[in-house]
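Visitor:
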Amino acid sequence: MLELINLTKVFRTGMFSSGSLKAVNNVSFKIEEGEVTSLIGESGSGKSTIGKMILRLLTISEGEILLDGRDISVLKGPELRDYYRKVQGVFQDPFSSYNPIFKVDRVFENLRSVFFGKLHYSDWMEKVHTVLKKVGLDPDQILGKYPHQLSGGQLQRILISRALLLDVSFLVADELISMLDASTRVDVLNLLADLKKKGLSILFITHDLSLGYYLSERTVILFKGHVVEMGRTDRVFFNPQHYYTCKLLSSVPRLDQKWEDLKSDYETKIDGRKCFDPIMDEEQEMVKVEEDHYVAVKRR
Amino acid sequence: MSLSVDGLRVYYQTLKGDIKALDGVSFDLRDGEIAGIAGESGCGKSTLSNSLIMLRLPMKLVEGSVSLDGSQLPIGDSRKMKDFRYKRISIIPQYAMNALNPTVKLKKLIADLLACHGVGYEKALPELNRRLDLVGLDRSVLDMYPVELSGGMKQRAVMVISTLLDPSLLIADEITSALDVSTQRAVAEMIVEFRDKGFVKSVIFVTHDISILYQIADSILIMYAGKLVERAATEVIIEKPAHPYTKMLILSLPEVGVHCTDRRLKGIPGKPPQLLSPPRGCRFKDRCPLAFEKCEEEPPMTEIEPSHWVACWGVS
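Here the protein sequences come in this chain order: A and B.
When you line the first sequence up against the working numbering, it's residues 38 to 337, in that order.
When you line the second sequence up against the working numbering, it's residues 1253 to 1568, in that order.
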């Protein structure tokens, strides 16, 4: 449903924009309907930049993003509004997503004035109540409260419910559970898993590999703006080919294996592989490892 | 015995009354031990680590005592604590990225810090250089401003600075939370190396991520709503947790290899109690599947097996 083709983003940096930084470099992948794709990478890998380009918060330098075959960068006016009915985002820090001097109801009110102006107020409130219940919240305990009176998990779920009000079919979830506690993050994760079952596609941006594994069918590993490996989640995680993927996987703190025991495994993986090295700025191409599993190697 | 904390109570003073953020915590640390403290936000883990180094308003010491290497720590008296701070007990703060003054070069910052504690910069320089090499930082970072370093480099620089005078106790407060997995591993392993090389005698490693503690800690303390609920060796906590809270916390962790369609993780329903007027008895009872009448009384820490302490009526 959503397709990224040779997507590139160049930021101007330095005094008088003298320098330039390629934050996203020639990224292509597809997200199908009802599928969760994890976008995994370290800070500065360009994962949030991709999310922002999909949400049209940043302009595209090169390449294109297609939603159901239509280029999104040319959308204007009513067409853009229709786009936002389908595509919405939820971000990392729930506390800064709200204006602290207004009650949380305001996020719904703003939505109504833009998208549902013609709807009768009581019908609207019924709609709000339904989605709040859908994300596991009690509307009476939520409406009329200020952001500081609610927990991070509750605020995050309100933002998801806000996206659901629009009947979204695509959600960009940018590190949305990284700031939540272990006990509450699971509820938000499970909520996303339930929504997926109902046909919602999610781009799940994270640096936490175990969260990515829990939720997603497909995984895209990003390093310095390049896709280094992608494919079905279990294939990428259990048969990693690129040295960066191996390094990431061996660094994940696990409860069943100690770091010392993993070390040797990762060394043997690198040997003999000609991985594409983004630091050397080599030309890359994606080669097929197995069905639905690709890795970036140096172009011959 | 390197550190011994006995019945420590630290409250936050507010207009509505005292927030009982740390309400009677006792534990000991052996020489060379890395003890991990884990718990949800608001459980008092940062209050504990901050009160050991700098107890300042609105924090208030209500009761309890702390001793380090046999001598009492005057934690309630900020001025007297100055003799201990940095030299005997040191902290790597939660946001090490922001702990460095952005307007001076690292060299100047370190010299100022050392001068405050009566040590000459030139005298410490050889050791400083050696430790920068050890953590893989180029010596030229001393001539740089903090903005010129990446997050991981800043974290490593702060680690070297904090441990330069070989403190007896090092407190590491959520130092890996803001880092990527690969940097996270490097930083966590460096803490172990610092201990092995004797730069620090013992370490308190505060985090909300139990899986990191499994990798590096010798023992784990689990905190809930201002109290210690369980303490044991790392393997025991992970493989045979006794307290229902510890069990649920470990079960709620997603792991590589667990997909939502194979095994659905369960969160812990409910939320921690208000600490302004915490409930009587066990503080976990409202969320606990085992709760019964007895839980109206406060459960004491009991040793159910050698060095495995649990505060729960349902277990002991």
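C-beta atoms are modelled at their ideal positions from N, C-alpha and C, and glycine is treated no differently.
1. At which residues does the beta strand (DSSP E) containing lysine 1546(B) begin and terminate?
2. Could you give the C-beta distance for aspartate 211(A) and serine 85(A), rounded to a whole number, given that I count them as a contact under 8 Å?
3. Which class does glycine 1403(B) belong to by DSSP, given the choice of helix, strand or coil?
4. Between glutamate 1545(B) and chain A, is the shortest Cβ-Cβ distance under 8 Å, so that the two count as touching?
5. Opposite glycine 56(A) in the DSSP bridges: which residues?
6. Across which residues does DSSP place serine 1454(B) in a beta bridge pair?
7. Reducing DSSP to helix, strand and coil, say where threonine 45(A) ends up.
8. Indicate the three-state DSSP secondary structure (helix, strand or coil) for alanine 1430(B) in the structure shown.
9. Whose C-beta lies closer than 6 Å to the C-beta of glutamine 1265(B) among residues of the same chain, with five residues either side of it excluded?
10. How big is the Cα-Cα spacing for valine 205(A) and glutamate 99(A)?
11. Using only the alpha-carbon positions, how far apart do methionine 1553(B) and isoleucine 1286(B) sit?
12. Are at least three pairs of beta-carbons, each pair with one atom in the segment 1354-1365 of chain B and one in the segment 1380-1399 of chain B, less than 8 Å apart?
13. From the DSSP secondary-structure annotation, give me the bridge partner or partners of serine 75(A).
14. The segment 81-94 of chain A: which residues have C-beta closer than 7 Å to a C-beta of chain B, in chain order?
15. Could you tell me the distance, in whole angstroms, from the CA atom of leucine 1401(B) to the CA atom of lysine 234(A)?
16. Note down, in chain order, every chain B residue with its Cβ under 7 Å from the Cβ of alanine 230(A).
17. Report the neighbours of glycine 1519(B) on chain A: residues whose CB is nearer than 7 Å to its CB, in chain order.
18. Who are the near neighbours of leucine 112(A) in its chain, counting only those whose CB is closer than 6 Å to its CB and skipping five residues on each side?
19. Using three-state DSSP, classify valine 1567(B) as helix, strand or coil.
20. Go to methionine 1475(B), then tell me how far its beta strand (DSSP E) extends in each direction, as first and last residue.
21. Listed from N- to C-terminal order along the chain, which residues in the segment 112-135 of chain A have their beta-carbon within a distance smaller than 7 Å of any beta-carbon of chain B?
22. Give the secondary structure of aspartate 1390(B) by DSSP, where H, G and I count as helix, E and B as strand, and everything else as coil.
23. Return the chain-ordered list of same chain residues with a C-beta closer than 6 Å to the C-beta of glutamate 1555(B), the five sequence neighbours on each side being excluded.
24. In chain order, what residues of the same chain have a beta carbon less than 8 Å from the beta carbon of serine 82(A), not counting five sequence neighbours either side?
25. Between the beta-carbon of lysine 1344(B) and the beta-carbon of valine 1410(B), is there less than 8 Å?
26. How big is the Cα-Cα spacing for glutamine 1436(B) and serine 133(A)?
27. What are the residues of the segment 1275-1297 of chain B that lie near chain A, defined by any Cβ-Cβ distance shorter than 7 Å?
28. Return yes when the Cβ of methionine 90(A) is within less than 8 Å of the Cβ of isoleucine 77(A), no when it is not.
29. Strictly below 7 Å CB to CB, what residues from chain A border histidine 1460(B)?
30. Considering Cα atoms alone, identify which of Gln321(A), Asp108(A), Lys295(A) and Asp245(A) is closest to asparagine 62(A).
31. For chain A, check one thing: does any of its Cβ atoms lie closer than 8 Å to the Cβ of glutamine 1436(B)?
32. Use the C-beta contact count for arginine 158(A): other C-beta atoms within 10 angstroms, 16 or more gives buried, fewer gives exposed.
33. Would you list, in chain order, the members of the segment 172-187 of chain A that have their beta-carbon closer than 7 Å to a beta-carbon of chain B?
34. Closest to asparagine 43(A) by CA distance: which of Ile242(A), Lys59(A) and Tyr250(A) is it?
35. Kindly identify the DSSP beta-bridge partner or partners of lysine 67(A).
36. Is aspartate 218(A) near serine 1293(B), with beta carbons less than 8 Å apart?
Guide: From the atom records:
1. If you look at lysine 1546(B), you'll find it isn't in any beta strand (DSSP E); DSSP assigns it neither H nor E.
2. Rounded, the Cβ-Cβ distance is 6 Å, consistent with contact.
3. Helix at glycine 1403(B).
4. With a threshold of 8 Å between beta carbons, glutamate 1545(B) makes no contact with chain A.
5. Paired residues: Thr50(A).
6. Residue pairing by DSSP puts serine 1454(B) in a beta bridge opposite Leu1421(B).
7. Strand at threonine 45(A).
8. Three-state result, alanine 1430(B): coil.
9. Residues of the same chain with a CB within less than 6 Å of the CB of glutamine 1265(B), apart from the 5 flanking positions on each side, are Pro1310 and Lys1312 in chain order.
10. Distance between the alpha carbons of valine 205(A) and glutamate 99(A) is about 26 Å.
11. Methionine 1553(B) and isoleucine 1286(B) have their C-alpha atoms some 21 Å from each other.
12. Short answer: they touch.
13. Its beta-bridge partners are Phe241(A) and Thr256(A).
14. Residues of the segment 81-94 of chain A with a Cβ closer than 7 Å to any Cβ of chain B: none.
15. When only Cα atoms are considered, leucine 1401(B) and lysine 234(A) end up about 44 Å apart.
16. Close to alanine 230(A), with beta-carbon spacing below 7 Å, are these residues of chain B in chain order: Cys1512.
17. Chain-order list of chain A residues neighbouring glycine 1519(B): Ser220, Thr221, Val223 and Asp224, by C-beta distance under 7 Å.
18. Cβ-Cβ distances below 6 Å link leucine 112(A) to Tyr120 in the same chain, with the five nearest sequence neighbours on each side left out; the list follows chain order.
19. DSSP, reduced to helix, strand and coil, places valine 1567(B) outside both helices and strands of the structure shown, so it counts as coil.
20. In the DSSP assignment, methionine 1475(B) falls within the unbroken beta strand (DSSP E) covering 1471-1476.
21. Residues of the segment 112-135 of chain A that bring their beta carbon within less than 7 Å of a beta carbon in chain B are absent altogether.
22. In the structure shown, the three-state DSSP call for aspartate 1390(B) is coil.
23. Counting only Cβ-Cβ distances below 6 Å, and skipping sequence neighbours, we find Trp1561.
24. Shown here for serine 82(A): same chain residues with a beta carbon closer than 8 Å to its own, the five before and five after excluded, namely Leu259, Phe260, Lys261 and Gly262 in chain order.
25. Here the sequence assigns isoleucine to residue 1344(B), which means lysine is not the residue at that position. In this structure, isoleucine 1344(B) lies near valine 1410(B), with their beta-carbon atoms less than 8 Å apart.
26. Cα to Cα, the separation comes out at about 26 Å.
27. From the segment 1275-1297 of chain B, only Glu1292 and Ser1293 have a Cβ closer than 7 Å to chain A.
28. It is not a contact, given that the beta carbons lie outside the stated cut-off.
29. Those are Asp218 and Ala219, listed as they occur along chain A.
30. The shortest C-alpha separation from asparagine 62(A) is found at Gln321(A).
31. A Cβ of chain A is located within less than 8 Å of the beta carbon of glutamine 1436(B).
32. Arginine is not the amino acid found at residue 158(A); the sequence shown has tyrosine there. Around the Cβ of tyrosine 158(A), a 10 Å sphere holds fewer than 16 other Cβ atoms; the residue is exposed.
33. Legend: CB atoms of the segment 172-187 of chain A lying less than 7 Å from CB atoms of chain B are not found in any residue.
34. Answer by Cα proximity: Lys59(A).
35. Lysine 67(A) is bridged to Glu40(A).
36. Yes, Cβ-Cβ distance for aspartate 218(A) and serine 1293(B) is below 8 Å.
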